[in-house]
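Here is the structure we will look at.
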Ligand SMILES: Cc1cc2nc3c(=O)[nH]c(=O)nc-3n(C[C@H](O)[C@H](O)[C@H](O)COP(=O)(O)OP(=O)(O)OC[C@H]3O[C@@H](n4cnc5c(N)ncnc54)[C@H](O)[C@@H]3O)c2cc1C
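Numbering (the numbering used here), first residue to last: 2 to 215.
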């Protein structure tokens with residue numbers, strides 16, 4: 002994971018930033034991206050971003066090679082697509098389609114702590130309209146969840162606070178959080194909605210920083 006921070010920074014800085022906020026330096030120096038993926042924690046911090054940009058996992062095994070989108074890699078709690086003889090050989094990370102990508106994590110401490118809920122969004126925005134959207138959320142179901150309905154809902158809408166507020170009803174229907182030591186089911190649902198809005202607020206801040214304030 003430490004090596005990945007530098008490897009992907011030039012084309013996917015959001016991923017580098019997310020990985021930099023994971024674990025501690027010594028854990029990052031021994032953990033791998035494939036391990037984080039196959040470990041199948043519902044709060045793995047790399048998975049929402051990989052799902053949002055539609056990354057593809059390439060598996061190698063006794064019967065050859067096959068590829069599967071990260072969005073389809075999980076079948077249930079700790080259940081992954083790879084068979085016992087298959088290993089993750091590589092991961093393709095396409096980011097070119099999107100001009101706004103953002104990751105948020107909520108944990109008891111800002112860094113070096115496992116997420117209660119995390120979330121990533123990738124948007125293609127043109128002239129204030131959302132042309133393409135994909136969003137994923139961790140900590141609100143048995144696996145990290147790709148949110149097809151919320152993503153679809155955002156597409157074709159204006160990039161405004163109202164659009165994101167309206168999407169709360171949709172995202173609520175896509176998640177099934179359960180409570181545990183890091184947060185109750187209600188807390189997780191509320192955080193998931195707040196992170197949806199945080200994605201919008203991050204976009205607004207980025208526009209202000211670039212001098213595009215409307
Ligand atoms: C103190 C601590 C803090 C942590 N904090 C965070 C955090 O903030 N965010 C977060 O997301 N995670 C966190 N983690 C989890 C950590 O990131 C994962 O344990 C790590 O990513 C797993 O990687 P690994 O290479 O050690 O995998 P392993 O533990 O070696 O393997 C995990 C699983 O993946 C399988 N596997 C590994 N490589 C492959 C491969 N190439 N192909 C197929 N299967 C494979 C193994 O067989 C095993 O089933 C934390 C862990 C610790 C110990």
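Ideal placement from N, C-alpha and C gives every residue a C-beta, glycine not left out.
Tell me, to the nearest whole angstrom, how far the beta carbon of residue i is from that of residue j; I am working on the premise that it is less than 8 Å.
i: residue 140; j: residue 43; result: 6 Å
i: residue 108; j: residue 114; result: 4 Å
i: residue 9; j: residue 17; result: 6 Å
i: residue 59; j: residue 68; result: 5 Å
i: residue 194; j: residue 169; result: 5 Å
i: residue 125; j: residue 99; result: 5 Å
i: residue 133; j: residue 156; result: 6 Å
i: residue 146; j: residue 105; result: The pair is not a contact, with the Cβ atoms about 15 Å apart (cut-off 8 Å).
i: residue 177; j: residue 142; result: 5 Å
i: residue 131; j: residue 148; result: Actually they are not in contact, since the Cβ atoms of residue 131 and residue 148 sit about 14 Å apart, beyond 8 Å.
i: residue 56; j: residue 5; result: Not quite, the Cβ-Cβ distance comes to about 13 Å (not below 8 Å), so this is no contact.
Within the continuous beta strand (DSSP E) that includes residue i, where are the two ends?
i: residue 104; result: 101 to 107
i: residue 139; result: 130 to 139
i: residue 122; result: 118 to 127
Could you pull out every residue in the same chain whose Cβ sits closer than 7 Å to the Cβ of residue i, ignoring the five residues on either side in sequence?
i: residue 165; result: 197, 198, 201
i: residue 129; result: 159, 160
i: residue 49; result: 104, 119, 120, 121, 137, 138, 139, 145
i: residue 87; result: 60, 61, 62
i: residue 203; result: 103
In terms of residue numbering, what span does the alpha helix (DSSP H) encompassing residue i cover?
i: residue 207; result: 186 to 210
i: residue 17; result: 14 to 21
i: residue 37; result: 34 to 39
i: residue 152; result: 149 to 155
i: residue 9; result: 3 to 9
i: residue 28; result: 26 to 29
i: residue 174; result: 169 to 175
Sorted by chain position, which residues of the same chain lie with C-beta nearer than 6 Å to residue i's C-beta, five sequence neighbours on each side aside?
i: residue 32; result: 2
i: residue 135; result: 53, 123, 152
i: residue 45; result: 37
i: residue 192; result: 107, 118
i: residue 51; result: 71
i: residue 35; result: 89
i: residue 30; result: 3
i: residue 183; result: 117
i: residue 80; result: none
i: residue 150; result: 171, 175
Whose C-beta lies closer than 8 Å to the C-beta of residue i among residues of the same chain, with five residues either side of it excluded?
i: residue 73; result: 82
i: residue 96; result: 12, 13, 54, 102, 123
i: residue 78; result: 41, 43, 143, 144
i: residue 207; result: 101
i: residue 24; result: 2, 32, 113
**OP:** Note down, one range per segment and in chain order, each alpha helix (DSSP H) of at least 4 residues found wholly within the segment 47 to 91.
**Re:** 48 to 53
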